[in-house]
Structure formats: structure tokens, C-alpha cells
Amino acid sequence: MFVAVLFTSAWMLLFLKLAWHWTGQEAWIGVYRYWVRVFALAMVVSVAVTIPLMIQVGTLWPALLMKIAGVAGPLACLAVLLAFACKLIFLNGMLYLKGKMKEGWHTASVFMSALGVTAIVYLMLALQSWMNAPQGTIKTESNIVVYDWMAIVFHHEIGWRLLLVFAGSSLCLGFMMMGVSAWQARQRPLSQAENLSFRIGLVMALYGMAGFIVPGFFARDTLFVPVAANGWRNVWWGVILLLGIMMSVLAVLCYYLLGKKREIGKTPVFLQNWCSNMTFSGWLLVLLIAALSYFRNLPFVVQGEIALQEVFRPISTQALALSSLVYLMVYLVIAASFMQMFYQAARYGVVPVRKAIGAAA
103 MFVAVLFTSA
113 WMLLFLKLAW
123 HWTGQEAWIG
133 VYRYWVRVFA
143 LAMVVSVAVT
153 IPLMIQVGTL
163 WPALLMKIAG
173 VAGPLACLAV
183 LLAFACKLIF
193 LNGMLYLKGK
203 MKEGWHTASV
213 FMSALGVTAI
223 VYLMLALQSW
233 MNAPQGTIKT
243 ESNIVVYDWM
253 AIVFHHEIGW
263 RLLLVFAGSS
273 LCLGFMMMGV
283 SAWQARQRPL
293 SQAENLSFRI
303 GLVMALYGMA
313 GFIVPGFFAR
323 DTLFVPVAAN
333 GWRNVWWGVI
343 LLLGIMMSVL
353 AVLCYYLLGK
363 KREIGKTPVF
373 LQNWCSNMTF
383 SGWLLVLLIA
393 ALSYFRNLPF
403 VVQGEIALQE
413 VFRPISTQAL
423 ALSSLVYLMV
433 YLVIAASFMQ
443 MFYQAARYGV
453 VPVRKAIGAA
463 A
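Counting from 1 along the sequence shown, just add 102 to a position and that's the residue number in the numbering used here.
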């Protein structure tokens with residue numbers, strides 16, 4: 103969920119900076135100032151979530167990384183290297199040096215940060231694509247040996263998965279932008295930047311909805327658990343129902359904003375409440391789609407190569423249930439903390455950093 107927010111917000115921030123350069127309107131940079139804080143928060147939380155995630159993988163699937171180390175090791179090392187390089191070189195300039203460097207260099211830092219986040223997501227998708235349809239490797243008695251890295255890095259499924267990630271993350275961030283603006287409209291009159299943020303979120307959600315149509319029709323059997331699979335029909339119905347609700351919200355919003363030419367603050371209260379309650383609906387959609395994608399390989403971890411029972415640690419039902427509950431609580435606390443900070447920024451807006459006494463103006 104947080105990587106989805108991170109992925110799309112990086113490119114959205116670049117678009118905001120470029121629009122500000124082209125138009126000179128302060129509303130664009132006003133939207134940037136708020137959402138760059140959400141981007142930074144999502145980045146910190148994404149890193150924090152990997153700690154319990156790695157513990158969970160190591161305790162439940164201790165043999166998994168050993169068996170797929172030939173593929174996962176280099177991809178993970180490259181992703182970590184890119185993350186550190188991006189953080190040290192570009193993200194520092196993007197987040198902390200605004201106003202201390204030329205605007206052109208700062209915009210270049212935003213672009214390189216977005217490119218770095220995309221490269222990391224690409225490497226994650228390359229590993230997932232290989233696990234779903236292994237190619238370029240040979241299985242030995244102890245592990246996996248790579249003989250063609252090009253077949254892994256340029257896997258035939260990566261294009262579909264990138265489109266799916268773009269669609270899911272666009273819907274996720276789009277509904278967050280619309281929801282927080284609708285929530286603010288219930289509290290007070292909106293500024294020009296906040297109204298602009300709502301319109302940008304609506305466009306992103308529309309693009310995300312359209313992006314789901316293509317892989318949903320042409321790559322459904324490749325990417326997801328079959329619709330008729332036992333035990334997964336309810337998840338599919340959940341996805342269909344959620345997408346239907348999202349489409350209804352977008353249709354009504356387009357009617358009022360485009361047809362009647364109203365700002366969100368001048369729409370009916372029920373629509374503002376409806377939109378505000380849908381703020382994090384994209385998160386639920388991302389979770390459902392991820393479940394349909396990640397569990398497609400069952401009972402295999404690597405399709406046709408490594409079965410789940412080969413790497414899963416024998417554990418009692420009680421211990422598994424207790425540990426799963428603990429991990430779920432950890433993830434819920436992290437998500438709740440993110441939401442609390444998210445609404446804190448929405449309530450008080452962008453608060454400028456107070457200058458030290460005697461500092462230069």
C-alpha cells in the first residue's frame with residue numbers, strides 16, 4: 103500500500119513542479135508542498151514495514167531465500183543499492199534543499215527520485231514475474247542457477263505488472279487526494295491549491311480506472327487467480343464490488359465538477375461525505391489485487407519449481423495464528439500512524455519551518 107503511494111506520488115510531484123515552471127501559478131506549488139510531505143511519510147513507512155516483513159519471511163519461510171538466492175539476491179542487493187544512492191543523492195535534495203538550490207536542479211532531483219523509485223519497483227516486479235513464470239534459470243538439488251539474466255530482467259510479464267501497479271497506485275493516490283480535499287471542505291472553505299488537488303486526484307483516479315481495464319481483459323489469466331478457483335470467488339466479487347463503487351463515485355463527481363462546473367466545496371454534503379469516506383478505498387483494492395496476484399502460484403512459491411511445503415517451516419496452528427495476529431497488529435498500528443499524520447497535515451496545512459533567531463532572512 104505504501105509503495106503504491108510512493109510510486110505514483112513521485113511522478114505526480116514531478117508533474118506539479120513542471121506545471122509550476124510552465125504556468126507560474128502558486129496553486130501548483132501549494133499542492134506540491136502538501137503532497138511532498140505525504141511522499142516523505144510514505145517513504146519512511148515503506149522502509150519501516152520491511153523490518154517486520156523480513157522477520158516474518160525468515161521465521162515462516164526460512165528456506166525460501168536460500169533456494170531462490172541466485173535470483174532474489176542480486177535483485178534485492180541492486181534494489182537496496184539504488185535505494186541508498188537515491189536517498190543520499192537525490193531525495194535529500196528533493197526533501198531538504200528546496201529553496202537552497204536552483205529550481206532547475208531541484209526539479210532534476212525530483213525527476214531522479216521518481217526514476218529511482220520506479221527502478222526499485224521494477225526490480226520487485228521482475229522477481230515476482232520470475233516466480234510466477236520462471237525463465238532463464240535451472241533448478242538444481244539445492245538452489246536455482248541463473249543462465250540468462252536478460253530473460254529475468256526483461257520478463258514478458260513485467261509490462262503487464264507495471265501497468266497494473268500504475269493503475270492501482272493511481273487509484274490509491276487519486277482517492278486519497280479527493281478524499282482529503284472533501285474532508286477539508288467539510289471543515290472550512292478550500293484554498294485554490296486544495297481545489298486543484300481535488301481535480302488532480304480525480305484525473306488520476308480516472309486514469310487508474312482505465313488502466314485496470316487492459317490487464318483485466320487481456321492478462322487476467324496470466325496475473326491473477328482464476329475467477330472460478332475455489333475459495334477465491336469472494337475475493338473476486340470484492341474487487342468487482344469495490345471497483346463498481348469507485349466508478350459510481352467518479353461518475354457523480356464528474357457530473358458535478360465537469361457538467362455543473364462546481365468545486366467540491368459547493369457540491370452536496372452527501373457527496374463530500376461519500377468521497378471523504380472513500381479516501382483509503384484504494385488501499386483495500388491494492389490488497390485484494392495483491393492477494394489475487396501473489397497467491398496465484400499456490401501450492402507453489404516458484405511456479406512449477408519450488409513448492410510451498412519445501413520452504414514453509416513446520417509450526418502448530420496455535421503458534422501460526424498467534425504470530426499472524428501479532429504481525430497484523432503491527433501492520434495496523436503502522437497504517438493507523440500513517441493516517442493520523444496524514445490528517446494532521448490536512449488539518450493544519452503546510453506549516454513553514456521556524457527560522458532560528460539571527461538567521462538570514
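The beta-carbon is built from N, C-alpha and C at its ideal position, and this holds for glycine as well.
Output needed for residue i: all residues of its chain with C-beta closer than 8 Å, excluding positions within five of it in sequence on either side, in chain order.
i    : result
M252 : G238
G460 : Unreliable placement is indicated for G460, whose pLDDT of 43 sits below 50; no coordinate value is reported for it.
V151 : F104, Y433, I436
W224 : A small correction: the amino acid at residue 224 is Tyr; Trp does not occupy that position in the sequence shown. Counting only Cβ-Cβ distances below 8 Å, and skipping sequence neighbours, we find I260, L264.
T161 : R415, S425
A409 : P401, F402, V403
V491 : Examination of residue 491 is not possible in this model, given that the chain is present from 103 through 463 alone.
G195 : M203, W207, H208, S211
DSSP three-state label for residue i, please.
i    : result
F402 : strand
A392 : helix
I170 : coil
I408 : strand
H123 : helix
E365 : coil
W334 : coil
V316 : helix
V107 : helix
E296 : helix
S426 : helix
E128 : helix
F256 : coil
A165 : coil
P328 : coil
P176 : helix
S418 : coil
V453 : Note that V453 scores a pLDDT of 49, beneath 50, so its modelled location is shaky and nothing firm can be said.
F382 : coil
A321 : coil
V154 : Looking at the sequence itself, residue 154 is Pro, so the reference to Val does not match. Correct three-state label for P154: helix.
R290 : coil
G460 : Residue placement at G460 is poorly supported in this model, since its pLDDT is 43, which falls under 50; the coordinates are not used for a value here.
Can you give me the Cβ contacts of residue i inside the same chain, cut-off strictly under 7 Å, excluding the 5 residues immediately before and after it?
i    : result
I222 : A181, L184, A185
V337 : L390, A393, L394
K457 : With a pLDDT of 43 at K457, under the threshold of 50, the modelled position of that residue is not reliable, and the figure given next carries that caveat. Counting only Cβ-Cβ distances below 7 Å, and skipping sequence neighbours, we find nothing.
V173 : L229, W232, T239, I246, V248, I254
V351 : W376, C377, M380
A448 : V282, W285, Q286
A462 : Because the pLDDT of A462 is 40, which lies under 50, any placement of that residue in the model is unreliable, and the question is left without a value.
Give a yes or no on whether the C-beta atoms belonging to residue i and residue j are separated by under 8 Å.
i    : j    : result
V147 : F440 : yes
M233 : Q405 : yes
S231 : A106 : no
L344 : L400 : no
Q294 : A178 : no
V432 : P154 : yes
M473 : S299 : Given that the chain is displayed from residue 103 to residue 463, the structure contains no residue 473 and the question cannot be resolved.
A269 : G313 : yes
R398 : V327 : yes
L275 : M311 : no
K108 : Y134 : For the record, residue 108 in the displayed sequence is Leu; it is not Lys. No, these two residues do not count as a Cβ contact at 8 Å.
E407 : K204 : no
Excluding the 5 residues flanking residue i on each side, which residues of the same chain have their C-beta closer than 6 Å to its C-beta?
i    : result
M226 : none
F104 : A144, V147, S148
A321 : W262
F192 : S211, M214, S215
F444 : none
V132 : For the sequence presented, residue 132 should be read as Gly rather than Val. Excluding sequence neighbours, G132 sits near A295.
Indicate whether at least one CB of chain B lies closer than 8 Å to the CB of residue i.
i    : result
G281 : Absence of chain B from the displayed structure is noted, only one protein chain being present.
Stretch pair the segment 306 to 313 + the segment 132 to 141: three plus CB contacts closer than 8 Å: Short answer: they don't touch.
Given 8 Å, three or more beta-carbon pairs between the segment 240 to 256 and the segment 211 to 219: Contact fails: fewer than three Cβ-Cβ distances are below 8 Å.
Those runs of the alpha helix (DSSP H) which lie wholly inside the segment 187 to 250 and span at least 4 residues: Those alpha helix (DSSP H) runs which fall completely within the segment 187 to 250 and span 4+ residues are 194 to 198, 205 to 234.
contact_flag[the segment 368 to 381, the segment 284 to 298] where n(CB pairs < 8 Å) is 3 or more: The segment 284 to 298 and the segment 368 to 381 touch, with three or more beta-carbon pairs separated by less than 8 Å.
Touching by the beta-carbon criterion (3+ pairs, under 8 Å), the segment 150 to 169 and the segment 323 to 342: Under the three-pair Cβ rule at 8 Å, the segment 150 to 169 does not count as touching the segment 323 to 342.
At least 3 beta-carbon pairs within less than 8 Å: the segment 202 to 212 vs the segment 116 to 125: Between the segment 202 to 212 and the segment 116 to 125 there are three or more inter-stretch CB-CB distances shorter than 8 Å, so the stretches are counted as touching.
Segment contact flag, the segment 313 to 321 with the segment 250 to 267, C-beta cutoff 8 Å, min 3 pairs: Result yes; three or more Cβ-Cβ pairs closer than 8 Å.
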